[in-house]
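Please read the structure below before turning to the comments.
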Amino acid sequence: MVRAPELLAPAGDWEALRAAAANGADAVYFGLEQFNARHRATNFKLAELPEVMGYLHAHNVKGFLTFNTLIFSDELEAAAEYIKAVAAAGVDAVIVQDLGVAKLIHELAPTLAIHGSTQMTLTEAEGIKFVKELGVERVVVARELGVREIGKIAAATEMPLEVFVHGALCVAYSGQCLTSESLGGRSANRGQCAQACRLPYQLVVDGQARDLGEKAYLLSPSDLAAHELIGELTEMGVASFKIEGRLKSAHYVAATTQTYRAAIDAARGNLKFQISEQQRHDLEQTFSRGFTHGFLSGVNHQALVAARFPKARGTRVGTVVSRGPRAIVIETSSAIALKAGDGVLFDEGHPEQDEQGGRVFAVRTMGKNRVELQFREGDLNLAYINPGALVWKTDDPALKRRLEHSYSREGVVHRTRVDFSVRARVGEFLELVGAAEGHEGRARWEEKALEEARKFAFSEEGAREQLGRLGDTPFELGELRVETDGRAMVPKSVLNELRREVVGKLLEQRRRVHVVGDAGALERLRGDAMRVGESSQHASATEVVAEAWHPGGHPESEIENQLHVLVRTMEQLEGVIGVRGEVRAATVYADFEDVRRYPEAIRKCREAGIAVGLATLRVVKPGEEGFLKQVSDCEPDLLLVRHLGAIHYYRERAGHLPLVGDFALNIANELTAKIFADAGLVRMVPSYDLNWVQLSAMLRRFDASRFECVVHQHMPMFHMEHCVFAHTLSSGKDFRDCGRPCEKHRVDLTDRVGEPHPLVPDVGCRNTLFNAKAQTAAEYIPEMEKLGIRHYRVEMLREGGEETVKLLRHYAAALRGEAPPLQTLRSLRVLNQLGVTRGTLAHD
Numbered sequence: 000m001v002r003a004p005e006l007l008a009p010a011g012d013w014e015a016l017r018a019a020a021a022n023g024a025d026a027v028y029f030g031l032e033q034f035n036a037r038h039r040a041t042n043f044k045l046a047e048l049p050e051v052m053g054y055l056h057a058h059n060v061k062g063f064l065t066f067n068t069l070i071f072s073d074e075l076e077a078a079a080e081y082i083k084a085v086a087a088a089g090v091d092a093v094i095v096q097d098l099g100v101a102k103l104i105h106e107l108a109p110t111l112a113i114h115g116s117t118q119m120t121l122t123e124a125e126g127i128k129f130v131k132e133l134g135v136e137r138v139v140v141a142r143e144l145g146v147r148e149i150g151k152i153a154a155a156t157e158m159p160l161e162v163f164v165h166g167a168l169c170v171a172y173s174g175q176c177l178t179s180e181s182l183g184g185r186s187a188n189r190g191q192c193a194q195a196c197r198l199p200y201q202l203v204v205d206g207q208a209r210d211l212g213e214k215a216y217l218l219s220p221s222d223l224a225a226h227e228l229i230g231e232l233t234e235m236g237v238a239s240f241k242i243e244g245r246l247k248s249a250h251y252v253a254a255t256t257q258t259y260r261a262a263i264d265a266a267r268g269n270l271k272f273q274i275s276e277q278q279r280h281d282l283e284q285t286f287s288r289g290f291t292h293g294f295l296s297g298v299n300h301q302a303l304v305a306a307r308f309p310k311a312r313g314t315r316v317g318t319v320v321s322r323g324p325r326a327i328v329i330e331t332s333s334a335i336a337l338k339a340g341d342g343v344l345f346d347e348g349h350p351e352q353d354e355q356g357g358r359v360f361a362v363r364t365m366g367k368n369r370v371e372l373q374f375r376e377g378d379l380n381l382a383y384i385n386p387g388a389l390v391w392k393t394d395d396p397a398l399k400r401r402l403e404h405s406y407s408r409e410g411v412v413h414r415t416r417v418d419f420s421v422r423a424r425v426g427e428f429l430e431l432v433g434a435a436e437g438h439e440g441r442a443r444w445e446e447k448a449l450e451e452a453r454k455f456a457f458s459e460e461g462a463r464e465q466l467g468r469l470g471d472t473p474f475e476l477g478e479l480r481v482e483t484d485g486r487a488m489v490p491k492s493v494l495n496e497l498r499r500e501v502v503g504k505l506l507e508q509r510r511r512v513h514v515v516g517d518a519g520a521l522e523r524l525r526g527d528a529m530r531v532g533e534s535s536q537h538a539s540a541t542e543v544v545a546e547a548w549h550p551g552g553h554p555e556s557e558i559e560n561q562l563h564v565l566v567r568t569m570e571q572l573e574g575v576i577g578v579r580g581e582v583r584a585a586t587v588y589a590d591f592e593d594v595r596r597y598p599e600a601i602r603k604c605r606e607a608g609i610a611v612g613l614a615t616l617r618v619v620k621p622g623e624e625g626f627l628k629q630v631s632d633c634e635p636d637l638l639l640v641r642h643l644g645a646i647h648y649y650r651e652r653a654g655h656l657p658l659v660g661d662f663a664l665n666i667a668n669e670l671t672a673k674i675f676a677d678a679g680l681v682r683m684v685p686s687y688d689l690n691w692v693q694l695s696a697m698l699r700r701f702d703a704s705r706f707e708c709v710v711h712q713h714m715p716m717f718h719m720e721h722c723v724f725a726h727t728l729s730s731g732k733d734f735r736d737c738g739r740p741c742e743k744h745r746v747d748l749t750d751r752v753g754e755p756h757p758l759v760p761d762v763g764c765r766n767t768l769f770n771a772k773a774q775t776a777a778e779y780i781p782e783m784e785k786l787g788i789r790h791y792r793v794e795m796l797r798e799g800g801e802e803t804v805k806l807l808r809h810y811a812a813a814l815r816g817e818a819p820p821l822q823t824l825r826s827l828r829v830l831n832q833l834g835v836t837r838g839t840l841a842h843d
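Dropping the structure here:
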């Protein structure tokens, strides 16, 4: 028999919580008012947490708290108090994104389990090894992984893996989406995603708009449904199957939990799970944008995004054939029948318009596969419904009633075995001992010694009947041992009383409370972070890098305002080299799509006397370690690392190369910065989620000279496994058969307000959508200097050589103090065709 993995269901409110427990969830994850990545969910209040955990544990269901946002420096005190309250409430595990917070939790409450959120962007074993050192006990792997890749990770680490198997898919890698932050200061890493992926975009190819017909929602994936893959994933040793949906209804939670409970139970019995028509309908009806395996069955750029609509549709039931004054005739395409009271929607392929829909008043059969749907007068405008329109069943009141019934009655699905031992002898006191989950409870009736029975002596059969009455408890009767002389009289009421006493003691013992181990952990960790700049390790690392970048020896303490430039083309690199007599770049980072040009880039920089760094990909999956080796084998002066796995990989295989941590590491507080400093990073880029107040709060608590601030860039909004080039400009599933249109065309995605956002591929065939407008932090440079920042970066995107030179001249002047910040800002707005914005630092 295969060991059954855990079924983990979502809960955004009490009704959903009950639906999960009643329908077979082994564990439930939920959030509180603060520090969780579903800010729009109802969520629970901190004061409710003991009641929530009491309810779950009474139903033998574990409770996992989402603490999965980045935490800013000024929030750490509140976060620490939150953690103490969470520990005291007996939460079974905390799901965490922020590495510094993971470290803090491990120090504050060592017995509280920490699960690494999918927002840690864990895609391979090296990154998992990194977070394991912080006390993480389980990780939620990225949703972009395939079954085979998950199997490789499972084989390479002992860390329990949690896998999303159902629900909405983000088109961007979780933890790497900066769209909401970039466009409106609403960070997805802070639970405030504005769902820009669900908006329409116009494809622009080489400057010309491309007509894609009904395809407008190019970044809106269909929903994940992986019930068919549960058996295969179970065999690989996946520890937990996770259902997405803390914003979804209790009906959705009930339907999905029922289905995946059945799939897991089948896998446990080595049986193949076959979903029924009713189960499929339940899943579609409670929430569906259409179902897909996501990336679990491998990359398929034609299947992930249907692009026709962005919202839930329900079940497709047919196509419009004709219309009358008060009725619509449809040809049915589903085994699920329509009935009076059902809600329907007529899909003309333009969801942005006022689509027609309403409740069916009556249904009349008109022959095989044809029905007439009648509506009340005024419920919808039938004149706007045309033959050929798709018909979706959007609501089913009968289904809702059935699902509500599944969680309307209190009951325990998963029961824990309790073993009883009872001793009943004439002349002795009656004794009962219960044992469950390693705990023991004892009770004794001392009112009087047992007397000899006149008619019915105590027996094992009678004991089993009374001790098995555990219906309102989380227990079920296991082994029963009876020690009796066969003569004693035991009143049923007495044995029942002892049973309740023993069960009460067992319940009291199983209440989990995590003791705070070090109440002053935050102050101690902050003190350690403040001392980073004083450590000899830091000084040594700085000297090595300074020597590499400034042959002849300029101590780091004498270096003022260093300018670092990231280039993405050879033309940009030549622009940097050409202006070096006027603008001295301390480092050039090369971030080319064609990595075969790296040796040439390094040679040109060396000839020009400029230090050169090479950038890693933002994501590396199993089997892609060659990309990391290819970069380090070029022997640059340093490496710009963008994911946790790269740090672990290079520490072991290229320890002589200095590492600079890029923005994708999501460093938002001094505790996280300290972790990366300890990991060997000589400098690091602060998270792009920080505004100026939040950034300055972190800079005051950590050696500011260890940070490199990006002062000019096009914000990388979506970083995606999904390739829009392949989806729209080819019929290929992946890089093997797409014809590589990314090498032939330049693509922009224009949003609803006409902004053309550049789409750029990387060598791993992943896409990044950049903000059309560049953002500048020029006006903050004087304040950054006061806080001790000495390293500043300017990033190029599609600039030519001449544009690169002009940009560098402006920033060099600003860093030398020759141009006032507002003058620089005005000059940059003139220089950039679409202007520039103050960007995320200016957001409140």
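Be aware that the sequence shown starts at 0, since it is given in numbering that gives the first Met the number 0, and climbs by one per residue. From the three backbone atoms N, C-alpha and C, an ideal C-beta is built for every residue, glycine too. All figures in this text were calculated on a predicted structure; none of them were measured in a lab.
For this session: Please check if any C-beta of chain D sits within less than 8 Å of the C-beta of V432.
Result: Considering every chain present, this structure includes no chain D. It has just one protein chain.
For this session: Determine the extent of the alpha helix (DSSP H) in which R267 is found, giving its start and end residues.
Result: A249 to R267
Exercise. What's the call for R416, buried or exposed, on a 16-neighbour Cβ count within 10 Å?
Worked result: exposed
Exercise. When DSSP labels each residue in this structure, what does K367 get in the three-state scheme?
Worked result: coil
Exercise. Would V90 pass as a contact of I104 if the rule is Cβ separation under 8 Å?
Worked result: no
For this session: Answer yes or no: do V531 and F701 have a C-beta to C-beta separation smaller than 8 Å?
Result: yes
Exercise. Are there 16 or more other CB atoms within 10 angstroms of the CB of L821, so buried, or fewer, so exposed?
Worked result: Exposed.
For this session: Starting from the N-terminal side, write out each stretch of the beta strand (DSSP E) that is 3 residues or longer and does not extend beyond the region 762-840.
Result: 766-775 and 790-794
Problem set entry | In chain order, each alpha helix (DSSP H) run of at least 4 residues that lies wholly inside the region 1-66 | 13-21 and 48-57
For this session: Would you kindly work out how many angstroms separate the C-alpha atoms of S219 and L168, rounded to a whole number?
Result: Between the C-alpha atoms of S219 and L168 there is a straight-line separation of about 8 Å.
Exercise. CA-CA distance, C708 and Y779?
Worked result: Cα to Cα, C708 sits roughly 10 Å from Y779.
For this session: Decide if N766 is buried, meaning its Cβ has at least 16 other Cβ atoms within 10 Å, or exposed.
Result: buried
Problem set entry | Three-way DSSP call (helix, strand, coil) for L479 in this model | strand
For this session: Check the C-beta distance from L228 over to N668 and give it rounded, since I have them as a contact under 8 Å.
Result: In fact, because the Cβ distance is near 38 Å, the residues do not count as touching under 8 Å.
Exercise. What does a CB cutoff of less than 8 Å around V304 pick up in its chain, not counting 5 residues either side in sequence?
Worked result: V170, Y216, L217, L218, S219, P220, S221, H721 and H726
Problem set entry | the region 222-242 in contact with the region 274-289 per 3-pair CB rule at 8 Å | yes
Exercise. From A776, V681, T110 and F769, pick the residue whose C-alpha is nearest to that of T749; which is it?
Worked result: F769
For this session: Following the continuous beta strand (DSSP E) through M235, name the residue where it begins and the one where it ends.
Result: Counting along the chain, M235 falls outside any beta strand (DSSP E), and DSSP gives it neither H nor E.
For this session: Label T178 either buried or exposed according to how many other C-beta atoms from any shown protein chain fall within 10 Å of its C-beta, with 16 as the threshold for buried.
Result: buried
Exercise. When you compare only the Cα positions, how much space is there between V100 and T671?
Worked result: Computed Cα separation, rounded: 8 Å.
Exercise. When the distance is taken between beta carbons, is P350 closer than 8 Å to R414?
Worked result: Not a contact, by the Cβ cut-off of 8 Å.
Exercise. So what does DSSP say about T727, is it helix, strand or coil?
Worked result: helix
Exercise. Is the region 390-404 touching the region 449-460 in the sense that three or more CB pairs, one from each, lie closer than 8 Å?
Worked result: Put simply, the region 449-460 does not touch the region 390-404. Fewer than three CB pairs are less than 8 Å apart.
Exercise. If we count the other Cβ atoms within 10 Å of its Cβ and call it buried at 16 or more, is S535 buried or exposed?
Worked result: Low confidence applies to S535: its pLDDT is 38, below 50, so where it sits in the model is not reliable enough to give any reading.
For this session: Kindly indicate which three-state DSSP category R315 falls into: helix, strand or coil?
Result: R315 falls in the strand class under three-state DSSP.
For this session: State the Cα-Cα distance for the pair C196 and P4, rounded to the nearest angstrom.
Result: 32 Å
Problem set entry | Boundaries (first-last residue) of the beta strand (DSSP E) holding V146 | Premise fails: V146 lies in the alpha helix (DSSP H), V146 to A155, not in any beta strand (DSSP E).
For this session: Please work out which residues of its chain come closer than 7 Å, Cβ to Cβ, to V543, disregarding the five sequence neighbours upstream and downstream, and give them in chain order.
Result: Unreliable positioning characterises V543 in this predicted model, as indicated by a pLDDT of 42, which lies under 50. The coordinate reading is nonetheless provided below. Cβ within range, chain order: P657.
Exercise. In chain order, what residues of the same chain have a beta carbon less than 8 Å from the beta carbon of E445, not counting five sequence neighbours either side?
Worked result: Closer than 8 Å at Cβ, skipping near neighbours: F428.
Exercise. The beta strand (DSSP E) with H647 in it runs from where to where?
Worked result: Premise fails: H647 lies in the alpha helix (DSSP H), L643 to R652, not in any beta strand (DSSP E).
Exercise. Quick one, which of P635, E592 and R617 has its alpha-carbon nearest P598's?
Worked result: Minimum Cα distance to P598 is reached at P635.
For this session: Please name the residue in L160, G134, T156 and F71 whose C-alpha comes closest to that of A141.
Result: L160
Exercise. What residues in its chain sit with their C-beta under 7 Å from that of E798, if we drop five residues either side in the sequence?
Worked result: Within the same chain, E798 has close Cβ partners Q571 and L806.
Exercise. Between E403, K447, R408 and E439, which lies nearest to A423 when the distance is taken from Cα to Cα?
Worked result: For the residues E403, K447, R408 and E439, the minimum Cα distance to A423 belongs to K447.
Exercise. Can you tell me the Cα-Cα spacing of L144 and A155, whole angstroms?
Worked result: Linking L144 to A155 through their CA atoms gives a straight-line distance of about 15 Å.
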